[in-house]
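Chemist:
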Amino acid sequence: MKILIVGSGGREHAIAWKIAQSPKVEKIYCAPGNAGIEEYAECVPIKAMEFERLAAFAKEHQIDLTVIGMDDPLVGGIVDVFEAEGLRVFGPRKNAAILEGSKAFSKDLMKKYGIPTAAYESFTDADEALRYLETAKFPIVLKADGLALGKGVLICNTLAEAKDGVQEIMLDKKFGTAGNCMVIEEFLTGREVSVLSFVDGRTIRTMTSAQDHKRAGDGDTGLNTGGMGTFSPSPFYTKEIDEFCQKAIYQPTVDAMAAEGRPFHGVIFFGLMLTADGPKVLEYNARFGDPEAQVVLPRMKTDIVDVFEACVDGTLDQMELEFEDNAAVCVVLASDGYPVRYEKGKAIEGLDTFKDKDGYYVFHAGTAKKDGRIVTNGGRVLGVTAKGEDLKSARANAYQAVEWISFENKYFRHDIGKAIDEA
Ligand code: AMP
Ligand code: GLY
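Mind the numbering: the sequence shown is residues 451 to 873 in the numbering used here, read in order.
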C-alpha cells in the first residue's frame with residue numbers, strides 16, 4: 451500500500467513510525483512532514499490546509515489511504531474533499547470533526563444525550579456573558595468555541611479575571627473567529643486522563659490511557675502549552691473507571707454522533723476529569739493527541755494500518771486492539787522561552803544515539819534540515835520517549851535519554867510523570 455500522512459509534528463512522526471512497521475506498506479509520503487519524518491516517509495511540500503493540492507497529489511501517486519493527523523484540516527473538511535474525489539481517507543468528515551471544532555456543539559451533544567460533563571452555558575453575545583458572570587460561582591472556566599491551538603481555555607478565579615477573559619475572547623478576538631461563541635462552564639477538580647479511541651461510525655475501540663502535562667513549568671506552573679510531556683498508562687485510570695466510561699461516555703458519544711446524522715470515523719480523544727462524582731468529559735478531540743500519540747503508539751501491538759482500514763470500512767467490530775503490558779514516558783524538549791518567545795535554528799546533537807536502542811524513540815516536533823544538519827525549528831522541538839516495564843522505569847529511561855540530546859537553548863520539564871509516585 452501507499453500511504454499519505456497529513457501533518458508535520460511529533461504526533462505525525464509517531465504515526466509514520468507506526469505505519470512503517472506494517473508489512474502491507476510499501477511507500478509512505480507525508481505532507482508537509484519534518485526532518486524526523488523523512489526517515490520513514492518522503493516529505494512533500496504541500497501544506498495541510500491545501501486540500502485540493504493534497505487530493506491531486508494522492509490521485510497522481512495512487513495513494514491507497516490518506517491519514518489526517520491534525521485538527522485544522524479535519525475541522526476544515528479535508529475528508530469531504532478527498533471522499534468527493536473517490537479517495538480513501540482516515541479521519542472524520544467535517545460534520546463529525548465539529549466534535550472538536552465547536553465546544554458549544556460538543557457540550558450541547560453531551561447534554562442532549564446525558565453524557566457526564568461540567569455544567570455550562572453558551573454565549574454569542576458578550577454582554578449576556580458578562581451579565582451571567584455577575585451571579586456565577588468562582589473559579590469558573592471560559593472556553594472559546596472554536597480551535598485555538600489548545601490555548602482558548604481560561605480558568606478564572608475572580609469576576610474581574612473572567613470579565614477580562616470575555617473581553618479577550620469575544621471582543622478583542624484573541625483567538626480570532628474561535629471566539630465568536632463562548633462556553634462558560636463549571637470548574638471541575640480531579641485527575642485528568644486522556645483516552646484515545648478508534649471509531650468506525652458505530653463501534654469504538656479504546657487505546658491504552660495516557661496523561662498530558664500542559665503547563666510550561668515544573669510543578670504545573672507557567673503558561674499553557676501544546677503539551678510538555680506524557681505518560682502511559684495512567685495508574686489512576688482503573689478497570690472500574692474504564693467500565694464506567696465505556697458504558698456512560700465512549701459508546702454513548704459514538705451513538706449520539708450517529709443519531710445526529712454525523713457518523714464519526716477516525717480517532718476520538720476523550721479528555722476526562724476523574725472527579726469525586728465520577729469521570730466527566732472536559733473536551734473531545736477528533737484526532738490523536740500530541741504528545742499522547744508518542745507514548746500510546748509505541749505500546750500498541752496491533753497493525754495500525756489494519757485498524758485505519760477497519761475504521762474507514764466500518765468493520766472495527768471484528769477487531770480487538772492489543773497493547774504491551776508495560777509503560778512509556780515522553781519528555782518534550784522545547785526551545786527555552788516557549789510558548790512565548792524563543793530562538794530557532796540551533797544545531798541538534800545526539801539524535802543518532804537513539805538508532806540502535808530498543809524502546810527509546812525521538813519524535814521530531816519542530817525541526818528542519820539546514821546545510822545537512824538538523825536544527826531546531828519550533829517551540830516544541832523533540833519528544834523523547836522511552837518504554838520501561840513500569841512507569842517508574844519508563845520515566846528513569848526517558849530522563850536518561852533526554853541527556854543524549856543537546857542543543858543550545860534546550861528546555862524541558864523535570865517532573866513528567868511525577869504524579870505516578872502518588873498512585
Ligand atoms: P480543554 O482544551 O477543554 O481540554 O481545556 C484545557 C485544559 O483546561 C484541560 O486540560 C484542563 O486542565 C482545563 N479545564 C478545561 N475545562 C475545565 C473545567 N471545567 N474545570 C477545570 N479545568 C478545566
Ligand atoms: N495533548 C493534547 C492535545 O493534543 O490536544
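For glycine and all other residues, C-beta sits at the position ideal for the given N, C-alpha and C.
Can you grab the Cα-Cα spacing for the pair Pro685 / Met451, in whole Å?
Modeler: Each residue's Cα considered, the two are about 37 angstroms apart.
Chemist: Less than 6 angstroms between the CB of Asp514 and some heavy atom of the ligand GLY, yes or no?
Modeler: No - the ligand GLY has no heavy atom lying nearer than 6 angstroms to the Cβ of Asp514.
Chemist: Below 8 angstroms on the Cβ atoms is my guess for Lys509 versus Glu535; work out the distance and round it to an integer in Å.
Modeler: Right, their Cβ atoms sit about 6 angstroms apart.
Chemist: What separation, rounded to the nearest whole angstrom, lies between the Cα atoms of Lys468 and Leu747?
Modeler: C-alpha separation (whole angstroms): 7 angstroms.
Chemist: The alpha helix (DSSP H) spanning Lys562 covers which residue range?
Modeler: 553-563 is the extent of the alpha helix (DSSP H) around Lys562.
Chemist: Is it a yes or a no for the segment 721-732 touching the segment 541-548, going by three-plus beta-carbon pairs under 8 angstroms?
Modeler: Verdict: no, contact absent.
Chemist: Assign Ala481 to one of three DSSP states: helix, strand, or coil.
Modeler: It is a strand residue.
Chemist: Give every residue of the same chain whose Cβ lies closer than 6 angstroms to the Cβ of Asn847, excluding the five residues on either side of it in the sequence, and list them in chain order.
Modeler: The answer, listed in chain order, is Ala836, Gly838.
Chemist: In this structure, does DSSP put Arg823 in helix, strand or coil?
Modeler: Of the three classes helix, strand and coil, the one that applies to Arg823 here is strand, per DSSP.
Chemist: Pull up the CB-CB distance for Gln661 and Glu642, whole angstroms please, since I reckon it's below 8 angstroms.
Modeler: Indeed they touch by this definition, with Cβ atoms about 6 angstroms apart.
Chemist: Give the single residue among Phe681, Glu533, Gly667 whose Cα lies nearest to the Cα of Asn776.
Modeler: Considering only alpha carbons, the answer is Phe681.
Chemist: Relative to the ligand GLY, is the shortest distance from any of its heavy atoms to the C-beta of Gly459 smaller than 6 angstroms?
Modeler: No.
Chemist: Taking C-alpha atoms, which residue in Ala760, Glu710, Thr688 lies nearest to Thr653?
Modeler: Comparing Cα positions, the closest option is Ala760.
Chemist: Could you tell me which residues DSSP puts in a beta bridge with His715?
Modeler: In DSSP, His715 forms a bridge with Asp650.
Chemist: Identify which residue in Gly795, Gly676, Ile605 has its Cα closest to the Cα of Ala485.
Modeler: Cα-wise, what sits closest to Ala485 is Gly795.
Chemist: Could you tell me if the beta carbon of Val825 falls within a distance shorter than 6 angstroms of some heavy atom in the ligand AMP?
Modeler: No, since every heavy atom of the ligand AMP falls outside the 6 angstroms radius drawn around the Cβ of Val825.
Chemist: Residues bridged to Gly833 by DSSP?
Modeler: Partner(s): Val782, Phe813.
Chemist: For Arg665, which residues of its own chain have a beta-carbon under 8 angstroms away from its beta-carbon, when the five flanking residues on both sides are left out?
Modeler: Cβ within range, chain order: Thr671, Gly672, Leu673, Asn674, Thr675, Met678.
Chemist: With distances taken Cα to Cα, identify the nearest neighbour of Val921 among Val779, Lys697, Phe738, Lys860.
Modeler: Residue 921 lies beyond the residue range present for the chain, which begins at 451 and ends at 873; the question has no answer from this structure.
Chemist: Who pairs with Tyr682 in a beta bridge, going by DSSP?
Modeler: Correcting the residue type first, residue 682 is Ser in the shown sequence and not Tyr. DSSP lists Ala778 as partners of Ser682.
Chemist: So does Ala612 have its beta carbon nearer than 6 angstroms to some heavy atom of the ligand AMP?
Modeler: False, no ligand heavy atom lies under 6 angstroms from that Cβ.
Chemist: In this structure, does DSSP put Met723 in helix, strand or coil?
Modeler: Three-state result, Met723: strand.
Chemist: Please look up how many angstroms separate the CB atoms of Leu537 and Phe648, rounded, as I've assumed it's under 8 angstroms.
Modeler: The Cβ separation is near 20 angstroms, so there is no contact.
Chemist: Which one of Leu841, Thr639, Val517 has the shortest CA to CA distance from His715?
Modeler: Of the listed residues, the one whose Cα sits closest to His715 is Val517.
Chemist: Would you kindly report the start and end of the unbroken beta strand (DSSP E) that includes Pro729?
Modeler: Element bounds for Pro729: 728-735.
Chemist: Over what stretch of residues does the alpha helix (DSSP H) that includes Asn582 continue unbroken?
Modeler: Reading off the sequence shown, one finds Tyr at residue 582, where the question assumed Asn. Run containing Tyr582: 576-584, per the alpha helix (DSSP H) assignment.
Chemist: According to DSSP, Met750 sits in a beta bridge with which residue or residues?
Modeler: Met750 is bridged to Phe773.
Chemist: Measure from the alpha carbon of Val704 to the alpha carbon of each residue in Ala736, Tyr687, Lys805, Ile465, then state which is nearest.
Modeler: Of Ala736, Tyr687, Lys805, Ile465, the residue nearest in Cα terms is Ala736.
Chemist: Contact defined as beta carbons within less than 8 angstroms: I believe Cys631 pairs with Ala569. What is the distance between those atoms, to the nearest angstrom?
Modeler: Cys631 to Ala569, Cβ: 17 angstroms. No contact.
Chemist: For the ligand AMP, is there a heavy atom less than 6 angstroms away from the beta-carbon of Glu733?
Modeler: Yes - the ligand AMP has a heavy atom lying nearer than 6 angstroms to the Cβ of Glu733.
Chemist: Could you give the residue range of the beta strand (DSSP E) that holds Ala666?
Modeler: Taken as a continuous stretch (DSSP letters only), the beta strand (DSSP E) holding Ala666 covers 665-667.
Chemist: Going by the CB atoms, is the gap between Thr826 and Phe857 shorter than 7 angstroms?
Modeler: Yes, the Cβ-Cβ distance between Phe857 and Thr826 is below 7 angstroms.
Chemist: Specify, as a first and last residue, the run of the alpha helix (DSSP H) that Met707 falls within.
Modeler: Counting along the chain, the alpha helix (DSSP H) containing Met707 begins and ends at 701-709.
Chemist: Ordered along the chain, which non-local residues of its own chain (more than five positions away) have a Cβ less than 8 angstroms from that of Gly669?
Modeler: Result list for Gly669: Asp865, in chain order.
Chemist: Leaving out five residues before and five after Thr627 in sequence, what residues of the same chain have Cβ atoms less than 8 angstroms from its Cβ?
Modeler: Result list for Thr627: Gly596, in chain order.
Chemist: Give the DSSP bridge partners of Tyr878, in chain order.
Modeler: For the chain, the structure presents residues 451 to 873; residue 878 sits outside this window and is missing.
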